[in-house]
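K.L.:
Quick one: structure below, then a few questions.
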Amino acid sequence: MTARRLVAVVPAWNEAGAIGAVVDEIKAVDPGIEVVVVDDASTDGTADVAESRGAVVLRLPFNVGIGGAVQTGFRFARDEGYELAVRLDGDGQHDASEIPTILAPVEAGEADLVIGSRFVDGSGSYRPPLARRLGIRVFARLVSLLGGQRVTDTTSGFVALDRAGIELFAAEYPHDYPEVEATLVALRSGLRLAQVQVEMRERTTGSSSITFVRSLYYIVKVMLALLVASLRRYPRLQAARR
Amino acid sequence: MTPVRVSIVGAVAAILLILVVLELIRGRRLKERYALLWLATGAVLLVLSVWREGLNTMAGWLGVSTYPPAVLFAVATLFILLVLLHYSTVISKLTDENVDLAQRIALLEERLSRGSPPDG
Chain A
113 MTARRLVAVV
123 PAWNEAGAIG
133 AVVDEIKAVD
143 PGIEVVVVDD
153 ASTDGTADVA
163 ESRGAVVLRL
173 PFNVGIGGAV
183 QTGFRFARDE
193 GYELAVRLDG
203 DGQHDASEIP
213 TILAPVEAGE
223 ADLVIGSRFV
233 DGSGSYRPPL
243 ARRLGIRVFA
253 RLVSLLGGQR
263 VTDTTSGFVA
273 LDRAGIELFA
283 AEYPHDYPEV
293 EATLVALRSG
303 LRLAQVQVEM
313 RERTTGSSSI
323 TFVRSLYYIV
333 KVMLALLVAS
343 LRRYPRLQAA
353 RR
Chain B
10 MTPVRVSIVG
20 AVAAILLILV
30 VLELIRGRRL
40 KERYALLWLA
50 TGAVLLVLSV
60 WREGLNTMAG
70 WLGVSTYPPA
80 VLFAVATLFI
90 LLVLLHYSTV
100 ISKLTDENVD
110 LAQRIALLEE
120 RLSRGSPPDG
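Order-wise, the sequence lines are chains A and B.
Counting from 113, one number per residue, gives the positions in the first sequence under the numbering used here.
Counting from 10, one number per residue, gives the positions in the second sequence under the numbering used here.
Here it is in structure tokens:
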């Protein structure tokens, strides 16, 4: 696939039942991919399962939340000098065989950040419940408006990054419910963003971290974060680019 | 006019606050940088309790000259809000630093397990 070193960052919290297959699937795409599982202080042995499948495991000493976990993986990628990174969720909802697809625009030098989106061209089969669909659409519109580029899926955790993207997210990544805000931060920092249609699977084990009760906090927190992020200044990253 | 008893109780309470804060600093249970706002609160409340003319004048400005101690309560509330807000910023900073430390530990432990030097 590529000669440049590629790392797959996989945040996981109590995903012992799914993480083994996730690691295997990524390695099956290309054995040269360094799979880095960030274990967010799981209590079910997630870290040991991942390690037994040949993944590099970063063990957080206590639970820091999905954003802090993902950022740990990007810090690893930055410190170890990786040129490319993809991020997949540890629950198996992202199809590793689509890694080459979302990586393509980055490898071609056309984008710094590629979002695997479920809604690029309407060909996807994912039909979320009305409330969630509405939420996803509102955030997408808002980020598009504030970031100056049309974004179709801001809540996707399936992304690919080049070195500029790795360095940005290693230094700056929101801590909880991070995807929406991170997309805006990337746009405002001058990263070139591309979107690729992907499919996402229904989760096999565990449950989504976004329960009905938490969704109100989610909406308010993300709205506030977007407002603040659009008022903040971010250093433009043109200089960091090849 | 402010009732004399209000002035006395206010002054005693302010002095007690200042003494308790100083004692906490002396016993190293409170860092100076987190004590300054409390000391300022005590000092301002002490001044407003003792300086009765000033309190009356301020009450006149705010349209509560019929009950000047209201100014005392308002100022006390304002300072407590300031202290709380200050603590929120301190907690936010600690949270960020805590996450940063957790991430560094995870990265360093992984390096150690590989046997590569911690700053390679």
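Backbone N, C-alpha and C define an ideal beta-carbon position, used for all residues, glycine too.
Are the beta-carbon atoms of I131 (chain A) and T155 (chain A) separated by less than 9 Å?
P.N.:
In the first sequence, residue 131 (chain A) corresponds to position 19, counting from 1. In the first sequence, residue 155 (chain A) corresponds to position 43, counting from 1. It is not a contact, given that the beta carbons lie outside the stated cut-off.
K.L.:
Can you list the beta strand (DSSP E) stretches of 3 or more residues lying completely in the region 131–187 of chain A, in chain order?
P.N.:
Complete beta strand (DSSP E) runs here, min 3: 146–151 and 168–171.
K.L.:
Return the CA-CA distance between A272 (chain A) and L215 (chain A), expressed in angstroms with no decimal places.
P.N.:
Position 160 of the first sequence, counted from the first residue, corresponds to residue 272 (chain A). Position 103 of the first sequence, counted from the first residue, corresponds to residue 215 (chain A). So the alpha carbons of these two residues sit roughly 6 Å apart.
K.L.:
Is L196 (chain A) helix, strand or coil when you go by DSSP?
P.N.:
Counted from its first residue, the first sequence places residue 196 (chain A) at position 84. L196 (chain A) falls in the strand class under three-state DSSP.
K.L.:
Taking the alpha carbon of V376 (chain A) as the reference point, which residue from A:G180, A:R199 and A:T184 has its own alpha carbon closest?
P.N.:
Since the first residue of chain A shown is 113 and the last is 354, residue 376 (chain A) is not available in this structure.
K.L.:
Output, in chain order, the set of chain A residues within a Cβ distance shorter than 8 Å of E119 (chain B).
P.N.:
To locate residue 119 (chain B), count along the second sequence from 1; it is residue 110. Under the 8 Å cutoff, chain A gives V168, V169, L170, R171 and F188.
K.L.:
Buried or exposed: E210 (chain A), going by 16 or more other Cβ atoms within 10 Å of its Cβ?
P.N.:
Residue mapping note: residue 210 (chain A) aligns to position 98 of the first sequence, counting from 1. So E210 (chain A) ends up on the buried side.
K.L.:
Within the continuous alpha helix (DSSP H) that includes V297 (chain A), where are the two ends?
P.N.:
Translated into the one-based positions of the first sequence, residue 297 (chain A) becomes position 185. Segment E291 to R300, the alpha helix (DSSP H) holding V297 (chain A).
K.L.:
On the DSSP bridge list, what partners appear for V226 (chain A)?
P.N.:
As a first step, residue 226 (chain A) is located in the first sequence; it is residue number 114 there, counting from the start. Answer is A:A272 and A:A306, bridged to V226 (chain A).
K.L.:
Quick check on P173 (chain A): buried or exposed, where buried means 16 or more other Cβ atoms within 10 Å of its Cβ?
P.N.:
Mapped onto the first sequence, residue 173 (chain A) falls at position 61. Looking at its Cβ environment, which holds fewer than 16 other Cβ atoms inside 10 Å, P173 (chain A) is exposed.
K.L.:
Within the chosen definition, does the region 332–352 of chain A reach the region 282–302 of chain A through at least 3 CB pairs nearer than 8 Å?
P.N.:
Taking 8 Å as the limit for Cβ pairs, the verdict is that the region 282–302 of chain A does touch the region 332–352 of chain A.
K.L.:
With 9 Å as the limit, tell me which residues of the region 202–228 of chain A have their beta carbon closer than that to any beta carbon of chain B; keep them in chain order.
P.N.:
If the cut-off is 9 Å between Cβ atoms, the region 202–228 of chain A has nothing near chain B.
K.L.:
Identify the continuous beta strand (DSSP E) that holds P123 (chain A) and give its terminal residues.
P.N.:
Your numbering for residue 123 (chain A) matches position 11 in the first sequence. Run containing P123 (chain A): L118 to A124, per the beta strand (DSSP E) assignment.
K.L.:
Over the uninterrupted alpha helix (DSSP H) stretch that includes S58 (chain B), give me the two end residues.
P.N.:
Numbered from its first residue, the second sequence carries residue 58 (chain B) at position 49. From DSSP, the alpha helix (DSSP H) with S58 (chain B) extends over E41 to V59.
K.L.:
Taking the C-alpha atoms as reference points, what is the distance between L46 (chain B) and S97 (chain B)?
P.N.:
Your numbering for residue 46 (chain B) matches position 37 in the second sequence. Your numbering for residue 97 (chain B) matches position 88 in the second sequence. Using only the alpha carbons, I get a separation of about 14 Å.
K.L.:
Just to check my reading of the structure: V29 (chain B) and L57 (chain B) have Cβ atoms closer than 8 Å, yes? What is that Cβ distance to the nearest angstrom?
P.N.:
Numbered from 1 along the second sequence, position 20 holds the residue referred to as residue 29 (chain B). Numbered from 1 along the second sequence, position 48 holds the residue referred to as residue 57 (chain B). The pair is not a contact, with the Cβ atoms about 19 Å apart (cut-off 8 Å).
K.L.:
DSSP three-state label for A352 (chain A), please.
P.N.:
On the first sequence, position 240 is the one that residue 352 (chain A) refers to. With a pLDDT of 48 at A352 (chain A), under the threshold of 50, the modelled position of this residue cannot be trusted, and the question is left open.
K.L.:
Just how far apart, CA to CA, sit I178 (chain A) and V122 (chain A)?
P.N.:
Position 66 of the first sequence, counted from the first residue, corresponds to residue 178 (chain A). Position 10 of the first sequence, counted from the first residue, corresponds to residue 122 (chain A). So the alpha carbons of these two residues sit roughly 10 Å apart.
K.L.:
When you compare the CB of T158 (chain A) with every CB in chain B, is at least one pair closer than 9 Å?
P.N.:
By one-based count along the first sequence, residue 158 (chain A) stands at place 46. Not an interface residue.
K.L.:
V99 (chain B) touches chain A at which residues, Cβ-Cβ below 8 Å?
P.N.:
If you number the second sequence from 1, residue 99 (chain B) lands on position 90. None at all; the shortest Cβ gap to chain A is about 17 Å.
K.L.:
Which of the three DSSP states, helix, strand or coil, is assigned to H206 (chain A)?
P.N.:
Start at 1 with the first residue of the first sequence, and residue 206 (chain A) comes out as number 94. Note: H206 (chain A) maps to strand in three-state DSSP.
K.L.:
DSSP on V21 (chain B), reduced to helix/strand/coil?
P.N.:
Translated into the one-based positions of the second sequence, residue 21 (chain B) becomes position 12. In this structure, V21 (chain B) counts as helix in the three-state DSSP scheme.
K.L.:
Determine the DSSP secondary structure at M10 (chain B), reduced to helix, strand or coil.
P.N.:
Indexing the second sequence from 1 puts residue 10 (chain B) at position 1. It is coil, neither helix nor strand.
K.L.:
Counting contacts by CB-CB distance shorter than 9 Å, is L103 (chain B) in contact with chain A?
P.N.:
Translated into the one-based positions of the second sequence, residue 103 (chain B) becomes position 94. Not closer than 9 Å to any Cβ of chain A, the Cβ of L103 (chain B) fails to qualify, so no.
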